[in-house]
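Written below as structure tokens is the structure these notes are about.
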Amino acid sequence: MPALETLRGLRVVASPESLDVAAWDEGAVVLRFAPDDAFAIGAINIDVSDEHAIVAEETGFVGMWLSVSELAEQVLPHIEWPLPDARPALCQGFIAGVPAKLWVTDDRALLICACSYADELAERLQ
Amino acid sequence: MIEGRRIVLDGRPMAYEDGDSIAMAVLRAGEHPRHGGTLCLAGDCGNCVAAVDGVAYVRTCQTRARPGLVVRRHPAIGEPPLPVVENLSLTGPSPAARIRVQRADADLVVIGAGDSGSAAAANAERQERTVTILDARDGMEVVAIYAGPTIIVRTPGGMLHINAHEVVVATGAAELHPVCPGGSLIGLLTARAAQDLHAAGVDLGAAVAIGSAPSGVPCTPLPGRLLRIEGEQRVTGVVMTDEGSDGERTTACDTVIFGLGSSARDLLSRMSGDPAVTVVGPAAEAFPLPECPTTGTVCPCSRVSVEDLAGVWDRGFRELELVKRASLIGTGTCQGSVCLPYVRAFIADRAGAIPDPFTARPASRQITLAEAAAGVHVDAFRRTPLHDEHLVLGARMDRFGGWWRPWHYGDHVAEYWAVREAVSLGDVSTLGKLVVSGPDAVEFLERLYPAGVTDIRVGRSRYALLLNERGHLMDDGMICREAESRFVLTFTSAGAGHAEMWVRDWIETWGLRVHVLDRTMSLAAINVTGPLAGQLLERVGLSAQPRFLQHVHAEVAGVPCHVMRLSFTGEMSFELHHPVERSLELWRALMAHGHDLGIAPHGLQALQALRLEKGNVIVGMDSELDSTPRRLGMDWAVKMGKPDFVGRSALARTAQLPDDRRLVGLTMPGTAPIEGSPIWFEREVIGHVASSFSSPVLGHAVMFGWLKRAPFPEQVEVDGRSAVVVRPPFYDPEGLRARA
Numbered sequence: 000m001p002a003l004e005t006l007r008g009l010r011v012v013a014s015p016e017s018l019d020v021a022a023w024d025e026g027a028v029v030l031r032f033a034p035d036d037a038f039a040i041g042a043i044n045i046d047v048s049d050e051h052a053i054v055a056e057e058t059g060f061v062g063m064w065l066s067v068s069e070l071a072e073q074v075l076p077h078i079e080w081p082l083p084d085a086r087p088a089l090c091q092g093f094i095a096g097v098p099a100k101l102w103v104t105d106d107r108a109l110l111i112c113a114c115s116y117a118d119e120l121a122e123r124l125q
Numbered sequence: 000m001i002e003g004r005r006i007v008l009d010g011r012p013m014a015y016e017d018g019d020s021i022a023m024a025v026l027r028a029g030e031h032p033r034h035g036g037t038l039c040l041a042g043d044c045g046n047c048v049a050a051v052d053g054v055a056y057v058r059t060c061q062t063r064a065r066p067g068l069v070v071r072r073h074p075a076i077g078e079p080p081l082p083v084v085e086n087l088s089l090t091g092p093s094p095a096a097r098i099r100v101q102r103a104d105a106d107l108v109v110i111g112a113g114d115s116g117s118a119a120a121a122n123a124e125r126q127e128r129t130v131t132i133l134d135a136r137d138g139m140e141v142v143a144i145y146a147g148p149t150i151i152v153r154t155p156g157g158m159l160h161i162n163a164h165e166v167v168v169a170t171g172a173a174e175l176h177p178v179c180p181g182g183s184l185i186g187l188l189t190a191r192a193a194q195d196l197h198a199a200g201v202d203l204g205a206a207v208a209i210g211s212a213p214s215g216v217p218c219t220p221l222p223g224r225l226l227r228i229e230g231e232q233r234v235t236g237v238v239m240t241d242e243g244s245d246g247e248r249t250t251a252c253d254t255v256i257f258g259l260g261s262s263a264r265d266l267l268s269r270m271s272g273d274p275a276v277t278v279v280g281p282a283a284e285a286f287p288l289p290e291c292p293t294t295g296t297v298c299p300c301s302r303v304s305v306e307d308l309a310g311v312w313d314r315g316f317r318e319l320e321l322v323k324r325a326s327l328i329g330t331g332t333c334q335g336s337v338c339l340p341y342v343r344a345f346i347a348d349r350a351g352a353i354p355d356p357f358t359a360r361p362a363s364r365q366i367t368l369a370e371a372a373a374g375v376h377v378d379a380f381r382r383t384p385l386h387d388e389h390l391v392l393g394a395r396m397d398r399f400g401g402w403w404r405p406w407h408y409g410d411h412v413a414e415y416w417a418v419r420e421a422v423s424l425g426d427v428s429t430l431g432k433l434v435v436s437g438p439d440a441v442e443f444l445e446r447l448y449p450a451g452v453t454d455i456r457v458g459r460s461r462y463a464l465l466l467n468e469r470g471h472l473m474d475d476g477m478i479c480r481e482a483e484s485r486f487v488l489t490f491t492s493a494g495a496g497h498a499e500m501w502v503r504d505w506i507e508t509w510g511l512r513v514h515v516l517d518r519t520m521s522l523a524a525i526n527v528t529g530p531l532a533g534q535l536l537e538r539v540g541l542s543a544q545p546r547f548l549q550h551v552h553a554e555v556a557g558v559p560c561h562v563m564r565l566s567f568t569g570e571m572s573f574e575l576h577h578p579v580e581r582s583l584e585l586w587r588a589l590m591a592h593g594h595d596l597g598i599a600p601h602g603l604q605a606l607q608a609l610r611l612e613k614g615n616v617i618v619g620m621d622s623e624l625d626s627t628p629r630r631l632g633m634d635w636a637v638k639m640g641k642p643d644f645v646g647r648s649a650l651a652r653t654a655q656l657p658d659d660r661r662l663v664g665l666t667m668p669g670t671a672p673i674e675g676s677p678i679w680f681e682r683e684v685i686g687h688v689a690s691s692f693s694s695p696v697l698g699h700a701v702m703f704g705w706l707k708r709a710p711f712p713e714q715v716e717v718d719g720r721s722a723v724v725v726r727p728p729f730y731d732p733e734g735l736r737a738r739a
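Those protein sequences? They're chains A and B, same order as listed.
Per numbering that gives the first Met the number 0, the very first residue in the first sequence carries number 0; after that it's consecutive.
Per numbering that gives the first Met the number 0, the very first residue in the second sequence carries number 0; after that it's consecutive.
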């Protein structure tokens, strides 16, 4: 299994309408944690119209990219909730008893957790 | 029989034949897998359970024999001893972690592959349902059905948890056991068990049949009513009588076969209460109850006799659930499979109505704790980015407020002195950190906190309590103003998660335009504290240092930091909030530059002492669930002149009530009594010690203690010694050191 590594990007909390139309750096993977909360992995800049938006450099999450088979064999046995059918999908919940998130696309998945849980999650997935 | 194909029973090798269960092998050898009692060989009763490969209460009739299997019979009297696990690691993976858990989703699950189960499955498949069939004979032993429905299955490879849309229980019927004197002898079989043994070539000797005789099994049917079974350990005869006759007939025999009828095997269907669980076939059938027993053991598992039931009934327990609780009938190995029809008949005979079966609860089978806990995780505790560094520095880590934190680094008194006389680092990454921003941010914070917010200038901060609607203290922390409409809020480590929910909930409730970003796990924080803290920070580039209760954004040792000047320890203190990935770099730079200043890290043990000397309360340690600012002596942190804030009306109301509970400072000579010690006054306990410490710098003990009886005395007794009530802080009451 790959190692959990720091995910660098921008964390933006702003009005949902402004996030819907925000301009992100090309290539950034934008995860909407909540309607007003986005984590753009790989982003350095953002153009968002909300003047009260909170924009912060984010290094507080770790993650690992997994193939579909790695996801099925090494992560799904530790999940008690069903994955959504739609792709791509962001789902959040306990994985091996650790609060975590999964960004699932057609051909791969990103397992994410707060860095303070990184060692615990890695140990439990071994 | 093949030489070498043997199990080991109570230390003796015992041969078996292909296809034998353990029970069959033991019976083939002329012995009994337990020490007596009717055998059903169908997994219904508990009369064949034994310890198999170290696991007790295994149904040997359901367990296939294999070479070398170690079987130990339970004691004839009492229970098998609990296993002792040698050298168990308390911090390593639990035994449950070795049990593999698989999870699956299913459309329709049919439990039982008999006639009714097969019919239900075929019918569902015709309706294009996807059917999963679970049958114990295939090694898929269902031990529980929870609401959902969720099915827990024990399989040869571990545990299987299935979330199903629908469940059909088709587990058939169990055979009735006899209730009469002699019912615990060796040589008693149900009709189906007799057929199985006969088919396996086991010699039953001279067999008699009571009730319906099993077809194909050589035996002598005995008419009439059974009075008792005779024998010492093994059956030697049965005594019958004819209806209307006082006479007795004794028939010598080696085996007694009982064809007494059936009862629904519906334990699983009674377990979940989920409407998506249905029951079909014999498991759903309302079989006639047996006659009310008059003497003998009704529940072999819990050893409950008819006389015991009568005693319970006479004491007034006259409903089935109460009879169960009072007598423990149905609470043993078989969970009522044997006794339930009889206890229902017993109550029906006395009450005149047949009671419904008692509630069934997981698990239907004995499972090990490891199997029950398989797939269950202990709470995950967070680690700060300095976790490994603390270990290198010799820290004893412990769990506080959901985090692993250093309790001490080997000498908490030396850590204490480093703070008081030199400079010290504390890892406070665990503090809650929220950024709030928006046009309504000021209004929101004014409504949320009892402290004033509007007058906090940009670049300044203020200590604030967080109260609930009842005016009780929930948490505390700092309000730091970064811009006109942007603030950073800090909270306690243990309270941060709840505080975040609290903040979000009130924003939504009030419909205010405020954004919230939780930075608790994205930012680490190091507290640089001690009289030489300013000197150290100047060495690492922080020359323009904030004054007390100011905060700035600046680089410290090249690391971008939000520097907050405050003091929990009572000394000059700077909290450096910074990105987690730069934390180790910052920590090491500070340690390196502070070497000649006597720098040392401090753990929570020293911190709790330092803040106690300074009179700073720890929420949850010194406060109670209903602690108001007045009770804590913290009215100064409440601005009642504000139009409103959460808890204001409650504070206004309770201010009119007598002041009968108060957190006070206490001092006494000598060593500090332990926390929790009772506080005495005039031979009565009037409170307890919340925090205590033998202060090196003051030379006496200091405490926070609750007095819960007014009028509050000025002198009390703790630990058999006199203690004086004083007004905290105990150390540097003018705050000169913190503001230096």
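Ideal Cβ placement from N, Cα and C applies to all residues, glycine included.
Query                                                                                                                     : Result
Three-state secondary structure (DSSP) of Ala-24 of chain B                                                               : helix
CA nearest to the CA of Asn-44 of chain A, picked from A:Val-29, A:Trp-23 and A:Gly-92                                    : A:Trp-23
Distance between Ala-13 of chain A and Arg-503 of chain B (C-alpha atoms, nearest Å)                                      : 14 Å
Within-8 Å CB hit, Ser-436 of chain B to chain A                                                                          : yes
8 Å Cβ cutoff, Asp-104 of chain B in contact with chain A                                                                 : yes
Nearest-angstrom Cβ-Cβ length linking Leu-120 of chain A and Ala-99 of chain A, presumed shorter than 8 Å                 : 6 Å
Local Cβ density within 10 Å of Gly-686 of chain B, reported as buried at 16 or more and exposed below that               : buried
Sequence-distant residues of its chain with Cβ nearer than 7 Å to Asp-49 of chain A (five each side left out)             : Ala-13, Ser-14 and Ser-17
Outcome for Glu-746 of chain B when other beta-carbon atoms lying within 10 angstroms are tallied against a minimum of 16 : Nothing about residue 746 of chain B can be reported from this structure: the residues present for chain B run from 0 to 739 only.
Rounded C-alpha distance that separates Leu-195 of chain A from Arg-86 of chain A                                         : Because residue 195 of chain A is not part of the residues shown, which for chain A are 0 to 125, the question remains open.
Close beta carbons around Arg-546 of chain B, own chain, < 7 Å, minus the five adjacent residues each side                : Arg-564
Between the CA atoms of Ile-40 of chain A and Asp-634 of chain B - distance to the nearest angstrom                       : 46 Å
Residue closest to Val-645 of chain B, alpha-carbon to alpha-carbon, out of B:Cys-252, B:Ala-450 and B:Ile-673            : B:Ala-450
Start-to-end residues for the beta strand (DSSP E) that takes in Tyr-145 of chain B                                       : 140-145
C-alpha distance - Thr-332 of chain B paired with Glu-242 of chain B, whole-angstrom precision                            : 35 Å
Per-residue burial, Pro-299 of chain B [other beta carbons within 10 Å of its own, 16 or more giving buried]              : buried
Under 9 Å from the C-beta of Glu-580 of chain B: neighbouring residues of chain A                                         : Thr-5, Arg-7, Thr-58, Gly-59 and Cys-114
Cβ of Met-0 of chain B within 8 Å of any chain A Cβ                                                                       : For Met-0 of chain B, the pLDDT reaches just 47, beneath the cut-off of 50, and the residue's location in the model is therefore unreliable, leaving the point undetermined.
Environment of Asp-355 of chain B [buried if 16+ CB atoms lie within 10 Å]                                                : exposed
Nearest-angstrom Cα separation, counted from Gly-147 of chain B out to Arg-153 of chain B                                 : 18 Å
Residues that Tyr-462 of chain B bridges to, as DSSP identifies them                                                      : B:Met-477
One or two residues paired with Gln-549 of chain B in a DSSP bridge                                                       : B:Arg-459
Alpha-carbon to alpha-carbon, Gly-92 of chain A and Cys-112 of chain A                                                    : 10 Å
Cβ-based burial, Leu-390 of chain B [other Cβ within 10 Å; buried from 16]                                                : exposed
Neighbourhood of Gly-393 of chain B by C-beta, 6 Å cutoff - its chain only, sequence neighbours within 5 removed          : Tyr-408 and Gly-409
Beta-carbon proximity list for Ala-347 of chain B, same chain, < 6 Å, skipping 5 on both sides                            : Ile-353
Sequence-distant residues of the same chain with beta carbon closer than 7 Å to Ile-1 of chain B, five excluded per side  : With a pLDDT of only 49 at Ile-1 of chain B, under 50, the local geometry of the prediction cannot be trusted, and the value read off the model is given with reservation. The answer is none, since no qualifying residue turns up.
Which of helix, strand or coil DSSP assigns to Arg-610 of chain B                                                         : helix
Run of the alpha helix (DSSP H) containing Thr-519 of chain B, from where it starts to where it stops                     : Unbroken run through Thr-519 of chain B: none, as it is neither H nor E.
Sub-8 Å separation of Arg-27 of chain B and Tyr-15 of chain B beta-carbons                                                : yes
Cβ-Cβ distance between Ser-436 of chain B and Arg-485 of chain B below 8 Å                                                : yes
Inside the segment 363-432 of chain B only - beta strand (DSSP E) runs reaching at least 3 residues                       : 395-399, 402-407 and 423-426
Minimum Cβ-Cβ distance from Glu-25 of chain A to chain B less than 8 Å                                                    : no
Whether Gln-334 of chain B touches Leu-267 of chain B by CB criterion (8 Å)                                               : no
Identity of the residue in B:Arg-191, B:Thr-219, B:Ala-212 and B:Ser-211 nearest Gly-204 of chain B by Cα                 : B:Thr-219
Rounded straight-line distance, which links the Cα of Val-168 of chain B to that of Ala-118 of chain B                    : 12 Å
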